[in-house]
Amino acid sequence: MTVIRTFRFAKPFQTLFLTIQAEICLRLLKNKEESKILQKTPGRIWRWDPIAENFVPLETLKSNNGLVCSVDFVKDLAVKSITVVADNMNPYIIINANQSQVTGFIGDVWTTLEETLKFTFVYKPLHYEFGIKLSGIVGRLDADEWSSSRTLGSYGDLLLHLRYALFVQSEGTRVSTWWYASIFSRNLWRVTGLFIVCIVFIIMGINALRKTICEFDVECDDELSSPSFVFLYVLSGISGQDILLTHSFLSSNKKKGCQKIPSNWSLRLTILSFLFMGMSLFCGFSSTLTSYLTIGITSVPLTSLKDVAEKRTHSLCVRNNSGAYIHFTVNGLRGEDLMPEWKDLVNKDCPDMMDMFTIGSNLCTPGFVYLEGPDIFLSIYQQVLNQCHYVQLPQPYWTLKLAFQHARSSKYKKIIDLYLMRLRSVGILDYLEKKWIKKKQDNILGQPQWTDFQAVEYDHIHIVFSMLSIAALFSVLICVLENIFYRWQISPQKKTLCVINRKTAIP
Numbered sequence: 003m004t005v006i007r008t009f010r011f012a013k014p015f016q017t018l019f020l021t022i023q024a025e026i027c028l029r030l031l032k033n034k035e036e037s038k039i040l041q042k043t044p045g046r047i048w049r050w051d052p053i054a055e056n057f058v059p060l061e062t063l064k065s066n067n068g069l070v071c072s073v074d075f076v077k078d079l080a081v082k083s084i085t086v087v088a089d090n091m092n093p094y095i096i097i098n099a100n101q102s103q104v105t106g107f108i109g110d111v112w113t114t115l116e117e118t119l120k121f122t123f124v125y126k127p128l129h130y131e132f133g134i135k136l137s138g139i140v141g142r143l144d145a146d147e148w149s150s151s152r153t154l155g156s157y158g159d160l161l162l163h164l165r166y167a168l169f170v171q172s173e174g175t176r177v178s179t180w181w182y183a184s185i186f187s188r189n190l191w192r193v194t195g196l197f198i199v200c201i202v203f204i205i206m207g208i209n210a211l212r213k214t215i216c217e218f219d220v221e222c223d224d225e226l227s228s229p230s231f232v233f234l235y236v237l238s239g240i241s242g243q244d245i246l247l248t249h250s251f252l253s254s255n256k257k258k259g260c261q262k263i264p265s266n267w268s269l270r271l272t273i274l275s276f277l278f279m280g281m282s283l284f285c286g287f288s289s290t291l292t293s294y295l296t297i298g299i300t301s302v303p304l305t306s307l308k309d310v311a312e313k314r315t316h317s318l319c320v321r322n323n324s325g326a327y328i329h330f331t332v333n334g335l336r337g338e339d340l341m342p343e344w345k346d347l348v349n350k351d352c353p354d355m356m357d358m359f360t361i362g363s364n365l366c367t368p369g370f371v372y373l374e375g376p377d378i379f380l381s382i383y384q385q386v387l388n389q390c391h392y393v394q395l396p397q398p399y400w401t402l403k404l405a406f407q408h409a410r411s412s413k414y415k416k417i418i419d420l421y422l423m424r425l426r427s428v429g430i431l432d433y434l435e436k437k438w439i440k441k442k443q444d445n446i447l448g449q450p451q452w453t454d455f456q457a458v459e460y461d462h463i464h465i466v467f468s469m470l471s472i473a474a475l476f477s478v479l480i481c482v483l484e485n486i487f488y489r490w491q492i493s494p495q496k497k498t499l500c501v502i503n504r505k506t507a508i509p
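My numbering puts the first residue of the sequence shown at 3, with every later residue one more than the last.
Structure representation (structure tokens):
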């Protein structure tokens, strides 16, 4: 049987060949450029398989600038040795210390295949070179699909199909600087301030008008003529403490010479500042913030990748070997530069995303968002579950594919794919997915600490406390200036008194 097929490479050409049931080699490559294209994009040439009664891709294997060959697949793996390249990727792959056993979702699938097909395997580290001649399959037990341009890589049957997600640290754990002050909205602050000023002037105006009209009214007192006292009066009323609080505070100072309100402005400013501080801490602020923390409302600074690019307040951390990384590069290739809008955001000062053992210690550092497969991230997040609070945003992103990667010279790819389909049909893959992935997600995301009570901390109130400190410094400065002014004011009186006394003393 003759198959004619046209391809688009550097220049179009046609291939003609006869189908035989053995290894097939075609001398069709005209130059090195065409050889590289076939190596990088296998499966462009198809042949007729009389057993399957279908066209199957011709693998690009023994290419030496002249030959492209197919593989004569075997139907039995018993007693055969298979080399496996693997690395730890919880919850998919968990390898024991001596690299003799593997668990996890993909690990259990591989162990089931081993027991069913009765083959043995030898582990190699992930950086093991594919260019070395290997016997049998190279199963790259990794969490997502890597670059398809590798010459010796061929993916098997799909094990699992997931999507990447964005994980953002909640502001409910890492305290926001202005969170406490933002309990009141800006408009409410403006209205409250304007209300206080208006009430102060209204009280002073009514008092002045009453004193003018009722000159001998005994109820008229000079205490309401003082703006500071009226301000105290209004603040105590707004805070719900009533004027009795102000009177009790001032009456405690009568023995020290203070009548109804101190006459020096430094002490007045101090009293006003501390009263405002007390109002802020023990009234509306504290009750509102405590209720906010108790009901566990989650607040996140970013809601999508678009927010990350526009606000530019957080670095986006993503593994360089993940399937999502190529979506931030110029040409969609792993080795290319990042696109301009992502150049200063992707992996800027991020923890080492490739080191799954140490990244957990840096996970609670603020200023980072993570784009990762949910299962991979949650397995790391378990280490710091009680230290910080991460939220998985609902919007899914690019596909996360789980599959074995075989050497293109492997004769065992078809039989392994066949048994993978059987495992899926009998429900074993679904069982392992629930065991390692869905159950773990439910245990982490369903725990009650998402709504646990969190106490009001110093970081919540340090802005108000700083304002109080600044007011205290101003009161000290005013006190110094008042004393200097008082000394300067009484110095001429002292000189006059001395002259009068000398004249009186002279006979």
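Here a beta-carbon is modelled for each residue, glycine too, at the ideal position from N, C-alpha and C.
Please read these numbers as outputs of a predicted model, since none were measured by experiment.
**Message:** Quick check for students: name the residue ranges of the beta strand (DSSP E) that lie wholly in the region 376-450, counting only runs of 3 or more.
**Reply:** 392-394, 401-409
**Prompt:** From Gln451 to Pro396, what distance separates their C-alpha atoms?
**Reply:** In this prediction, Gln451 has a pLDDT of 37, which is less than 50 and means its spatial position is unreliable; what the coordinates show is noted afterwards. Those two C-alpha atoms are separated by around 19 angstroms.
**Request:** Look at the alpha carbon of Pro376 and the alpha carbon of Ser324, and state the distance between them as a whole number of angstroms.
**Result:** 13 angstroms
**Item:** Contiguous alpha helix (DSSP H) assignments of at least 4 residues, all confined to the region 332-377
**Value:** none
**Asked** DSSP beta-bridge partners for Met91?
**Response** Ile95
**Request:** For the beta strand (DSSP E) holding Glu57, just list the boundary residues, first then last.
**Result:** A quick correction: the sequence has Phe, not Glu, at residue 57. Phe57 -> beta strand (DSSP E) spans 56-59.
**Prompt:** If you draw a straight line from the C-alpha of Tyr414 to the C-alpha of Gly334, how long is it?
**Reply:** 32 angstroms
**Asked** Are three or more beta carbon pairs between the region 388-402 and the region 418-427 nearer than 8 angstroms?
**Response** no
**Prompt:** Which residues share a DSSP beta bridge with Ala1?
**Reply:** Residue 1 cannot be examined here, being either before or after the span of the chain that is shown, 3 to 509.
**Item:** Separation of Ala405 from Leu160, as counted between CA atoms
**Value:** 5 angstroms
**Request:** Would you kindly report the start and end of the unbroken beta strand (DSSP E) that includes Asp78?
**Result:** Counting along the chain, Asp78 falls outside any beta strand (DSSP E), and DSSP gives it neither H nor E.
**Asked** How would you label Ser382, buried or exposed, when you count the other beta carbons within 10 angstroms and need 16 or more for buried?
**Response** The sequence as given places Ile at residue 382; Ser does not occur at that position. Buried, since its Cβ has 16 or more Cβ neighbours within 10 Å.
**Prompt:** For Gly362 versus Gln394, is the C-beta distance shorter than 8 angstroms?
**Reply:** no
**Item:** Same chain, Cβ closer than 7 angstroms to Phe379, five either side skipped, listed in chain order
**Value:** Phe169, Tyr372
**Message:** Taking the straight line between their C-alpha atoms, what separation do you get for Leu434 and Asp110?
**Reply:** 8 angstroms
**Item:** Residues near Asn349 in its chain [Cβ-Cβ closer than 8 angstroms; skip 5 each side]
**Value:** Ser317, Leu318, Cys319, Val320, Asn322, Met355
**Message:** Between Ala167 and Phe121, how many whole angstroms is the CB-CB distance? I'm expecting something under 8 angstroms.
**Reply:** At roughly 36 angstroms, the Cβ-Cβ gap does not stay under 8 angstroms, so Ala167 and Phe121 are not in contact.
**Asked** From the beta carbon of Ile378, is the nearest beta carbon of chain B less than 8 angstroms away?
**Response** Protein chain content of the structure displayed is limited to a single chain, and chain B is not contained in it.
**Asked** With respect to the beta strand (DSSP E) encompassing Leu318, which residues constitute its N-terminal and C-terminal limits?
**Response** 317-319
**Asked** Where Pro311 and Ile465 are concerned, what is the direct C-alpha to C-alpha distance, given to the nearest angstrom?
**Response** The sequence given here places Ala at residue 311; Pro does not occur at that position. So the alpha carbons of these two residues sit roughly 29 angstroms apart.
**Prompt:** Helix or strand or just coil, what does DSSP make of Trp160?
**Reply:** According to the sequence as given, residue 160 is Leu; it is not Trp. Correct three-state label for Leu160: strand.
**Request:** May I ask you to list the residues that DSSP assigns as paired with Val104?
**Result:** Ile97
**Asked** What separation, rounded to the nearest whole angstrom, lies between the Cα atoms of Ile96 and Leu420?
**Response** 25 angstroms
**Item:** Selected residue, minimal CA-CA separation from Ile417, among Glu55, Asp78, Asn364
**Value:** Asp78
**Prompt:** Can you tell me where the alpha helix (DSSP H) with Ala311 in it begins and where it stops?
**Reply:** 307-313
**Asked** In chain order, what residues of the same chain have a beta carbon less than 7 angstroms from the beta carbon of Pro93, not counting five sequence neighbours either side?
**Response** Gly106, Phe107, Asp377, Ser381, Trp438, Ile439, Lys442
**Message:** Are there any heavy atoms of the ligand SAH lying less than 7 angstroms away from the beta-carbon of Phe359, as far as the coordinates show?
**Reply:** As for the ligand SAH, it is missing from this structure, which has no ligand bound.
**Request:** Provide the residue(s) that pair with Asp51 in DSSP beta bridges, ordered along the chain.
**Result:** Asn56
**Item:** CB of Pro59 within 8 angstroms of CB of Trp48, strictly
**Value:** yes
**Prompt:** Thr194 bridges to which residues according to DSSP?
**Reply:** Answer by DSSP bridge pairing: none, since Thr194 is not bridged.
**Message:** My output table needs one value for Val302: the three-state DSSP class, helix, strand or coil.
**Reply:** coil
**Collapsed DSSP secondary structure at Phe233 in the structure displayed** = helix
**Message:** Once the 5 residues before and after Trp344 are set aside, which same chain residues still bring their CB inside 6 angstroms of it?
**Reply:** Phe330
**Of the listed residues Asn364, Phe359, Pro342, nearest to Asp351 (C-alpha basis)** = Asn364
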